[in-house]
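This report concerns only the one structure given below.
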Amino acid sequence: MFESYLYYPDKIPSDVPPPAWTPPGAREVFIEDEDSVRIHGLWWDEPAGRPVILFLHGNAQEVYSWSLVREDLSALGCRMLLIDYRGYGKSGGEPREAGLYMDGRAALAWLEGQGVGAKDTVVFGKSLGGAVACEIARGRELLGLVLESTFTSLASVARSLFPILPGYSPGPDVYDSLSKLPEITCPVLVIHGDEDLLIPVAEGRRLFEDAHEPKQLYIVPGAGHNDVSIMAGPQYGEVINKWLEKAESRKGNG
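Residue numbers 555 to 808, in the numbering used here, belong to the letters of the sequence shown in order.
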């Protein structure tokens, strides 16, 4: 039932190139999942030798619209892979929980094929993407995991996400990130706006509380669900970059 109210994919015709406002250096890539679904993404392979941010976006739009996160994270000086889930943009298939997890794992496998291992990869999940990020981070020695404006489980935020379905709640195991935190041992950064009306800041605080050390919590005053980087201003990139530097230092000392 909830699927039709959770996923809001925008489609892109296969022959449409990236728009002029896409941050420079992006290359279009197609990645094949374990179930033979092809997903589409944008790949920035510079600066060479730097870590890679695998960005997993929210439940609406597509990679062309989301590509501006490249600029939001420019302070990190990292490479980036931004993917569309199945059913979004130029990706094939239809969105579903197990399929989105396959999309995330396929992106990690593709990076490995490019010579980028888990220890050089930061998985960054925004909103729904945070649930995908927690799933694919389990048991992996990632450089780090960033969870922005995301939830502990879909059931926990059902009232705000599905207001037209009063009294309805998905099962407790649907996109249940909280139960996966015990298997995530890499450095974790949780980011949340304190005025998020869609996914309350308490969700982010709970994820932070249950995450393993090393971990960091970054609450952005006055930020809602979709304007965290805007409300934070330059501090947004600065905070994430300092966290990343600590993660890299730990890797070097490990």
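Quick reminder that beta carbons are idealized off the backbone N, C-alpha and C, glycines included.
Under 8 Å Cβ to Cβ from residue i, same chain only, skipping five residues before and after it: list those, please.
| i | result |
| --- | --- |
| Ser568 | Lys644 |
| Gly683 | Phe609, Leu610, His611, Gly612 and Thr704 |
| Arg804 | Pro741 and Pro768 |
| Leu696 | Ala672, Lys673, Thr675, Val676, Val677 and Cys740 |
| Asp748 | Val755, Ile773, Val774, Pro775, Gly776 and Ala777 |
Just to confirm my understanding: we take residue i, look at its own chain, exclude 5 residues before and 5 after, and list those with CB closer than 6 Å. What are they?
| i | result |
| --- | --- |
| Ser681 | Gly612, Ser703 and Thr704 |
| Asp626 | Ser783 |
| Tyr639 | Pro649, Leu654 and Asp657 |
| Ile745 | Glu702 and Tyr772 |
| Val728 | Leu708 |
| Trp664 | Ile585 |
| Gly758 | Val744 and His746 |
| Val793 | Tyr772 |
For residue i, which residues in the same chain have their Cβ closer than 7 Å to its Cβ, ignoring the five residues on either side in sequence?
| i | result |
| --- | --- |
| Tyr562 | Asn613 and Ala614 |
| Gly693 | Glu737 |
| Ser723 | Ala709 and Ala712 |
| Thr706 | Ser731, Leu732, Glu757, Arg760 and Leu761 |
Please report the residue range of the beta strand (DSSP E) in which residue i lies.
| i | result |
| --- | --- |
| Trp597 | Arg592 to Trp598 |
| Gly667 | Gly667 -> not in any beta strand (DSSP E); alpha helix (DSSP H) instead, spanning Glu651 to Gly667. |
| Gly679 | Thr675 to Lys680 |
| Leu636 | Arg633 to Ile637 |
| Glu586 | Ala580 to Glu586 |
For residue i, count neighbouring C-beta atoms within 10 Å of its own C-beta (all shown protein chains included) and say buried if the count is 16 or more, exposed if not.
| i | result |
| --- | --- |
| Arg633 | buried |
| Gly667 | exposed |
| Gly787 | exposed |
| Gly698 | buried |
| Gln770 | buried |
| Pro754 | buried |
| Trp575 | exposed |
| Leu622 | exposed |
With respect to the alpha helix (DSSP H) encompassing residue i, which residues constitute its N-terminal and C-terminal limits?
| i | result |
| --- | --- |
| Glu625 | Val623 to Asp626 |
For residue i, which residues does DSSP report across the bridge?
| i | result |
| --- | --- |
| Ala614 | Tyr562 |
| Arg804 | Beta-bridge pairing links Arg804 to no other residue. |
| Leu608 | Leu635 and Val677 |
| Gly643 | Lys565 |
Segments assigned alpha helix (DSSP H), at least 4 residues, entirely inside the segment 728-799
755-764 and 782-786
Enumerated in chain order, which unbroken segments of the alpha helix (DSSP H) with a length of 4 residues or greater are wholly contained in the segment 689-717?
712-715
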